[in-house]
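In the working numbering, the protein residues as written are 29 to 294. All C-beta atoms in this analysis are idealised placements derived from N, C-alpha and C, irrespective of residue type, glycine included. Given the structure is predicted, the values throughout are model-derived calculations rather than measurements. Single-structure report; data block below.
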Amino acid sequence: MNMAGIKKSKGVNDVKGRVAIVTGGGSGIGFATTMALSSAGAKVSVADIDGVSGALAAKKAGGIFVRADLTKQDDCKRVVEETFETYQRIDILVNNAGFQHISPISDFPEAKWKEMLDLMLTAPFLLTKYSWKYMVKQRFGRIVNISSIHGLIASPYKAAYVAAKHGLNGLTKCTALEGAAYGITANSICPSYVRTPLVDKQIEGLAKANHVKKESVLQDIILKEAAIKRLIEPEEIADLVLYLCSDSTSSVTGSTWTIDLGWTAQ
Ligand code: NAD
Numbered sequence: 029m030n031m032a033g034i035k036k037s038k039g040v041n042d043v044k045g046r047v048a049i050v051t052g053g054g055s056g057i058g059f060a061t062t063m064a065l066s067s068a069g070a071k072v073s074v075a076d077i078d079g080v081s082g083a084l085a086a087k088k089a090g091g092i093f094v095r096a097d098l099t100k101q102d103d104c105k106r107v108v109e110e111t112f113e114t115y116q117r118i119d120i121l122v123n124n125a126g127f128q129h130i131s132p133i134s135d136f137p138e139a140k141w142k143e144m145l146d147l148m149l150t151a152p153f154l155l156t157k158y159s160w161k162y163m164v165k166q167r168f169g170r171i172v173n174i175s176s177i178h179g180l181i182a183s184p185y186k187a188a189y190v191a192a193k194h195g196l197n198g199l200t201k202c203t204a205l206e207g208a209a210y211g212i213t214a215n216s217i218c219p220s221y222v223r224t225p226l227v228d229k230q231i232e233g234l235a236k237a238n239h240v241k242k243e244s245v246l247q248d249i250i251l252k253e254a255a256i257k258r259l260i261e262p263e264e265i266a267d268l269v270l271y272l273c274s275d276s277t278s279s280v281t282g283s284t285w286t287i288d289l290g291w292t293a294q
């Protein structure tokens, strides 16, 4: 303890023994986060709609797998309940599951809009709500919402994604204010393009919507605004998640962390 009564840092990876829920933990950023947390000693509960990759990730991390379609309220509740039943705590919640759909607003399917808002905005709210009583009781919680650069700015043809991620940044701020009295922090991470299947799946849609060839989508669309001309690796995001989950970041809350290769510096 120092004079301000703040515990001396044990280092940024001090998540040993913490219990973490990672949604969408079967792939991409969620998988890298699952591995980073478990390597640092946390017990991880992987929640994913994909039974194969989700179970594999949980096995590799030595954690548990809860198969869940997080667009469904009951599944969100079950993820929290099964995690608590197994580990008797919930310290960390990483709201990460998501997907992209590219379409002009005039053609945007109404059902797709609802599905995206359900997964990327309502599920983080429900998982936060259901985890809350445990975190309050523990006087400790770390909520990390994987938002996007599209939570800060917009690109055309991504209406539902941009709306969900802007909403998620707002939810993060409310969560931070309400959690402050209980040792619960909430922060958003806003990456630009990360090397994951989510990016691979949008190449064709981006080419069609922007009238460019598939081969030039990377240079002409994806990296156009980036100062550093490369994709971000999922592990780079996972390292920041780990930092935001540590004891060292008890004063970091309500903030949005960009990892965007310099895109929004312009
Ligand atoms: P990904 O496609 O590699 O992984 C997404 C995971 O979410 C998959 O395991 C998938 O099965 C799961 N998922 C999808 N629908 C689900 C549902 N209904 N219920 C439960 N799980 C479901 O994608 P990623 O790139 O790792 O994306 C993870 C998060 O990062 C997303 O929220 C995305 O918006 C955000 N993000 C990604 C990028 C990027 O460029 N890849 C950039 C900024 C933000």
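Extent of the continuous beta strand (DSSP E) to which residue i belongs
i: Trp-285; result: 284-287
i: Gly-169; result: 169-174
Among the options, nearest to residue i - alpha-carbon criterion
i: Val-107; options: Leu-154, Leu-145, Ala-139; result: Leu-154
i: Cys-104; options: Ala-151, Gln-128, Trp-141, Val-47; result: Ala-151
i: Ser-183; options: Ile-133, Phe-168, Gln-116, Gly-53; result: Ile-133
i: Cys-218; options: Met-63, Lys-71, Thr-99, Gly-195; result: Gly-195
i: His-129; options: Arg-117, Glu-143, Asp-119; result: Glu-143
i: Ala-237; options: Asp-135, Gln-294, Ile-174; result: Asp-135
i: Arg-117; options: Ala-83, Ala-125, Val-72; result: Val-72
i: Ala-83; options: Gly-69, Tyr-162, Ile-212, Gly-58; result: Gly-58
i: Asp-97; options: Met-148, Gly-56, Ser-131, Thr-61; result: Met-148
i: Ile-92; options: Ala-214, Ala-70, Ala-235; result: Ala-70
i: Leu-289; options: Gly-169, Ile-250, Val-74; result: Ile-250
i: Lys-140; options: Leu-180, Pro-225, Asn-173, Tyr-185; result: Tyr-185
i: Asn-197; options: Trp-285, Ser-81, Lys-44, Ala-64; result: Trp-285
i: Ala-214; options: Ile-171, Leu-272, Arg-95; result: Ile-171
Helix, strand or coil at residue i according to DSSP, with G and I counted as helix
i: Arg-95; result: strand
i: Thr-156; result: helix
i: Ile-212; result: strand
i: Thr-51; result: strand
i: Leu-121; result: strand
i: Val-245; result: helix
i: Met-29; result: Because Met-29 carries a pLDDT of 47, less than 50, the predicted location of this residue cannot be relied on, and the following value inherits that uncertainty. Met-29 falls in the coil class under three-state DSSP.
i: Pro-262; result: helix
i: Ile-217; result: strand
i: Val-222; result: strand
i: Gln-101; result: helix
i: Val-240; result: coil
i: Ser-129; result: Checking the sequence shown, residue 129 turns out to be His, not Ser. Residue state, collapsed to three classes: coil.
i: Ala-254; result: coil
i: Tyr-19; result: The displayed coordinates of the chain run from 29 to 294. Any statement about residue 19 would go beyond what the structure contains.
i: Gln-116; result: coil
i: Ser-274; result: coil
i: Gln-166; result: helix
i: Val-280; result: coil
i: Gly-290; result: coil
Endpoints, alpha helix (DSSP H) assigned at residue i
i: Asp-76; result: Here Asp-76 belongs to no alpha helix (DSSP H); instead the beta strand (DSSP E) covers 71-76.
i: Gln-230; result: Segment: none, Gln-230 is in no alpha helix (DSSP H) and carries neither H nor E.
i: Pro-137; result: First-last for Pro-137: undefined, no H or E at that position.
i: Arg-46; result: Unbroken run through Arg-46: none, as it is neither H nor E.
i: His-178; result: Here His-178 belongs to no alpha helix (DSSP H), and DSSP marks it neither H nor E.
i: Ser-81; result: 79-89
i: Leu-65; result: 56-67
Buried/exposed call for residue i, threshold 16 Cβ in 10 Å
i: Leu-205; result: exposed
i: Gln-230; result: buried
i: Gly-79; result: exposed
i: Lys-193; result: buried
i: Thr-281; result: buried
i: Asp-102; result: exposed
i: Ser-244; result: exposed
i: Glu-113; result: exposed
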